[in-house]
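One structure is given here, and the rest of the page talks about it.
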Amino acid sequence: MDKERQNEAVNLENEKDQQLESFRVDHTNTKLTTNQGVRVSDTDNSLKAGERGPTLMEDFHFREKMTHFDHERIPERVVHARGFGAHGYFQVYEPMAEFTKANFLQDPSVKTPVFVRFSTVVGSRGSADTVRDVRGFATKFYTEDGNYDLVANNIPIFFIQDAIKFPDIVHALKPEPHNEIPQASAAHDTLWDFVVNNTETAHMMMWLLSDRAIPRSFRMMEGFGVNTFRFVNDQGKARFVKFHWKPLLGVHSLTWDEAQKLAGKDPDFHRKDLWEAINMGEYPEFEFGVQMIEEKDEFTFDFDILDPTKFWPEEVIPVKIIGKMTLNRNQDNFFTETEQAAFHAGHVVPGIDFSNDPLLQGRLFSYTDTQLLRLSGPNFHEIPINKPIAPVNNNQRDGFHRMTIDRGSVSYSRNSLRGNSPEPASDKENGYVHYNEKVEGQKIRKRSDSFNDHYQQATLFWNSMSNAEKKHIIKAFHFEVGNVKDIAIKQRVVEMFNNVDGELAKQIAIGIGVNPPETPGGTGVTASSPAVSQENTFKGALTRKVAILADNGFNANEVMEVITALKGAGIHADIISKNLGMITSADGQQLEVNKSYATSGAIMYDALYVAGGEQSLANLMMYKEAKDFVSEAFVHAKAIGATNEGIDFLTFAEVKNVIIARPETQAQVFTDMGIVTIRNATDLSAFTEEFIHAISQHRHWLREDQDGKLTG
Ligand code: HDE
Numbered sequence: 000m001d002k003e004r005q006n007e008a009v010n011l012e013n014e015k016d017q018q019l020e021s022f023r024v025d026h027t028n029t030k031l032t033t034n035q036g037v038r039v040s041d042t043d044n045s046l047k048a049g050e051r052g053p054t055l056m057e058d059f060h061f062r063e064k065m066t067h068f069d070h071e072r073i074p075e076r077v078v079h080a081r082g083f084g085a086h087g088y089f090q091v092y093e094p095m096a097e098f099t100k101a102n103f104l105q106d107p108s109v110k111t112p113v114f115v116r117f118s119t120v121v122g123s124r125g126s127a128d129t130v131r132d133v134r135g136f137a138t139k140f141y142t143e144d145g146n147y148d149l150v151a152n153n154i155p156i157f158f159i160q161d162a163i164k165f166p167d168i169v170h171a172l173k174p175e176p177h178n179e180i181p182q183a184s185a186a187h188d189t190l191w192d193f194v195v196n197n198t199e200t201a202h203m204m205m206w207l208l209s210d211r212a213i214p215r216s217f218r219m220m221e222g223f224g225v226n227t228f229r230f231v232n233d234q235g236k237a238r239f240v241k242f243h244w245k246p247l248l249g250v251h252s253l254t255w256d257e258a259q260k261l262a263g264k265d266p267d268f269h270r271k272d273l274w275e276a277i278n279m280g281e282y283p284e285f286e287f288g289v290q291m292i293e294e295k296d297e298f299t300f301d302f303d304i305l306d307p308t309k310f311w312p313e314e315v316i317p318v319k320i321i322g323k324m325t326l327n328r329n330q331d332n333f334f335t336e337t338e339q340a341a342f343h344a345g346h347v348v349p350g351i352d353f354s355n356d357p358l359l360q361g362r363l364f365s366y367t368d369t370q371l372l373r374l375s376g377p378n379f380h381e382i383p384i385n386k387p388i389a390p391v392n393n394n395q396r397d398g399f400h401r402m403t404i405d406r407g408s409v410s411y412s413r414n415s416l417r418g419n420s421p422e423p424a425s426d427k428e429n430g431y432v433h434y435n436e437k438v439e440g441q442k443i444r445k446r447s448d449s450f451n452d453h454y455q456q457a458t459l460f461w462n463s464m465s466n467a468e469k470k471h472i473i474k475a476f477h478f479e480v481g482n483v484k485d486i487a488i489k490q491r492v493v494e495m496f497n498n499v500d501g502e503l504a505k506q507i508a509i510g511i512g513v514n515p516p517e518t519p520g521g522t523g524v525t526a527s528s529p530a531v532s533q534e535n536t537f538k539g540a541l542t543r544k545v546a547i548l549a550d551n552g553f554n555a556n557e558v559m560e561v562i563t564a565l566k567g568a569g570i571h572a573d574i575i576s577k578n579l580g581m582i583t584s585a586d587g588q589q590l591e592v593n594k595s596y597a598t599s600g601a602i603m604y605d606a607l608y609v610a611g612g613e614q615s616l617a618n619l620m621m622y623k624e625a626k627d628f629v630s631e632a633f634v635h636a637k638a639i640g641a642t643n644e645g646i647d648f649l650t651f652a653e654v655k656n657v658i659i660a661r662p663e664t665q666a667q668v669f670t671d672m673g674i675v676t677i678r679n680a681t682d683l684s685a686f687t688e689e690f691i692h693a694i695s696q697h698r699h700w701l702r703e704d705q706d707g708k709l710t711g
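Under numbering that gives the first Met the number 0, think of the first position of the sequence shown as 0, with each following residue one higher.
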């Protein structure tokens, strides 16, 4: 396929370009018709025998409208049911021919169209976005060699080692079957029963209980292919690879308290965030990275590189950054794009191949199988979102919902009536040739002994966490296992995680009301992998959201100066007040209120600024919601800025440790644990600079970690 055609598929940003895809219809300036194209004269009244009489069978419009409605739902995905998608494109930075012959990884000028679907795993389609869970990060590359799907997660490892246990872990994790409780949560007996009886889950549970499982945004998550794949070059040389997505905005999380509150106040928090960012032109970007291991080095590591419960520490096997994905277009229609998208770990193109990772091997069966039911039959590749931009030619025919009208009498191979067309392509013509790996063995239901260690990398992960991150993990155990009813399971959790770290197990025990381990355990691993701690991620202010608390009588000069500085740093600001409408400053200027206390909360923002103004202060002090705004932003370790009377409001809201002691008589910026204030300044530039820096740090964990201890 030529470059031009490929780039065409990417550049669908404006209306005119979108007409290229004839299946996108917007229905403006049209007359209502039935599905048969017959114009409809009335769609509000059914056809009746008399105005007050029964509806007539011959009302074909009523029957068609109702029948279609009755059949609008398809089964939700058995896992990853709740998701949200966006379009974009991928570009490689430099030719990768040395490592892979995949054509989409050769030419930096080619934009390969992509569709990405982010998801949670456990909850139903209507569940909340911010629950504690693994996030799916599935990418479909519409390459000139056919579709390549990188069906990834935001955690680099998995619960189990062999795909045959997937139904078991999912059954244990999903709501319990007798009463379908709890929704979208791991905090229940069956999951922890599974965990203590299947200790290979130890490492994954550490990640699941870490901040990684409550991301701030889809735009701020890493993606990991998890399984080990292969790159193969055109000489047939292969290397083991693991795939990574690295968000340019860094990896950031919510706090558990925020996540829980958002689940009630804004269950669509993540999808809205993605949708709005793309609409505002703040296109999420993710760099594509690969870790590579030479075939000859397969056995040189202290873990088995085919074991999906292990990651390859970046400090040992560096991630080579090879390209970038930009998400620049929202879907037109949720159902036909996000819901009908069918990803498959087995959709690969020449240059990418599989390994014998036993989890991957099972995935290769499962994904197509599940689409057959969910999308009703074998023709789901013809649904627009799944349709390759590469030509599709074969002798497959018929089946539910066949769209292609295949011409001619020949639907078999080999044939002479059509010159044996479509004919297989040779290796040189880019026919897919599986990597020529030598395999031999006896049939056996057994896992390799090299998969036996379940704890060393769990300790490595624990060692890599900052003190604040460790505290969050302990608290997560307290919530998740604290909700388990069976006391014996709780006790076994403590014993199991004593194998990871003695102090961790002790702290878990304290919070869940069972005995601490008799002897502190651990694996003896002392190494860490700094790359897995979010403390070391990229920190920046771009696209962050600040709430500005103000009321009638606010100081307009201050607010305008702060808003201008924030905007200049790529930060969004919303004015929050008691009522929607306008507020008036002390000098009579009017400002539109973007959100009221009723429609917002500090949990929806990354930082808070409290404006000055005597009357504004007096007004703010009347509302508990305004006080709550400040207390929550403080507890959630967010940057807080205040000027003049705004500082008095922080004191009123009992943000104690910083404000009270300050000799704030002269115009000087004070910063303490992310709280930035200034009084009596004629110019706020020193303040805004510090405040923006504090915002870019995202969280100021010292507020919850001043003693540096893992107290239970
Ligand atoms: Fe999946 N997984 N999975 N999975 N998975 C599905 O396919 C499966 C695994 C992942 O946005 C299903 O279309 C098995 C690992 C994502 O549409 C199903 C095993 C990773 C998505 C399935 C795994 C994933 C799915 C359900 C163990 C990270 C959502 C609906 C052997 C690398 C894709 C569907 C989307 C979805 C099977 C393990 C990622 C049932 C058998 C490991 C992101 O086919």
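The beta-carbon is built from N, C-alpha and C at its ideal position, and this holds for glycine as well.
For residue i, which residues of its own chain have a beta-carbon under 6 angstroms away from its beta-carbon, when the five flanking residues on both sides are left out?
{"i": "GLN696", "result": "LYS538"}
{"i": "ASN643", "result": "GLY611, ARG678"}
{"i": "LYS264", "result": "GLY600"}
{"i": "PRO383", "result": "PHE22"}
{"i": "MET291", "result": "ARG238, VAL240"}
{"i": "TYR431", "result": "PRO349"}
{"i": "GLU631", "result": "ALA601"}
Quick one: using the 10 Å Cβ neighbour count with 16 as the cut-off for buried, is residue i buried or exposed?
{"i": "GLU336", "result": "buried"}
{"i": "GLN506", "result": "buried"}
{"i": "LEU541", "result": "exposed"}
{"i": "ARG702", "result": "buried"}
{"i": "GLN455", "result": "buried"}
{"i": "PHE22", "result": "exposed"}
{"i": "TYR608", "result": "buried"}
{"i": "HIS400", "result": "exposed"}
{"i": "HIS70", "result": "exposed"}
{"i": "VAL24", "result": "exposed"}
{"i": "THR730", "result": "A query on residue 730 cannot be resolved here, the shown segment of the chain reaching from 0 to 711 and no further."}
{"i": "GLY787", "result": "Nothing in the structure corresponds to residue 787, since the chain is present only between 0 and 711."}
{"i": "LEU31", "result": "exposed"}
{"i": "ALA718", "result": "Given that the chain is displayed from residue 0 to residue 711, the structure contains no residue 718 and the question cannot be resolved."}
Is residue i helix, strand or coil when you go by DSSP?
{"i": "VAL432", "result": "coil"}
{"i": "GLU381", "result": "helix"}
{"i": "GLU703", "result": "helix"}
{"i": "MET205", "result": "helix"}
{"i": "VAL231", "result": "strand"}
{"i": "TRP311", "result": "coil"}
{"i": "GLY552", "result": "coil"}
{"i": "GLU439", "result": "coil"}
{"i": "VAL409", "result": "coil"}
{"i": "GLU338", "result": "helix"}
{"i": "PRO283", "result": "coil"}
{"i": "HIS251", "result": "coil"}
{"i": "ALA546", "result": "strand"}
{"i": "PHE686", "result": "helix"}
{"i": "LEU649", "result": "helix"}
{"i": "GLU199", "result": "helix"}
{"i": "TYR92", "result": "coil"}
Take residue i and list the residues in its own chain whose beta-carbon comes closer than 7 angstroms to its own, dropping the five residues that flank it on each side.
{"i": "ILE55", "result": "Contrary to the premise, residue 55 reads as Leu rather than Ile in this sequence. Correct list, in chain order: LEU46, LYS47, ALA48."}
{"i": "LEU208", "result": "ILE472, ALA475, PHE476, GLU479"}
{"i": "TRP700", "result": "ALA467, ALA636"}
{"i": "THR325", "result": "GLY87, TYR88, TYR282, GLU284"}
{"i": "GLU75", "result": "SER123, ARG124"}
{"i": "GLN490", "result": "VAL513, ASN514"}
Spatial neighbours of residue i within its chain, please: CB distance less than 8 angstroms, with the 5 preceding and 5 following residues excluded, ordered by chain position.
{"i": "ARG713", "result": "What is shown of the chain runs 0 to 711, which leaves residue 713 out entirely."}
{"i": "ASP192", "result": "ALA171, ASP485, ILE488"}
{"i": "ILE575", "result": "ALA546, ILE547, LEU548, ALA549, VAL592, ASN593, LYS594, SER595, TYR596, SER599, PHE628"}
{"i": "LYS566", "result": "ALA572"}
State the beta-bridge partners of residue i as determined by DSSP.
{"i": "GLN330", "result": "None, per the DSSP bridge assignment."}
{"i": "PHE83", "result": "PHE117"}
{"i": "ALA237", "result": "VAL231"}
Identify every run of the alpha helix (DSSP H) within the segment 559–645, keeping only runs that are complete inside it and at least 4 residues long; order them along the chain. 613–619, 623–634
Sequence ranges, beta strand (DSSP E) only - wholly within the segment 464–525, length at least 3: none
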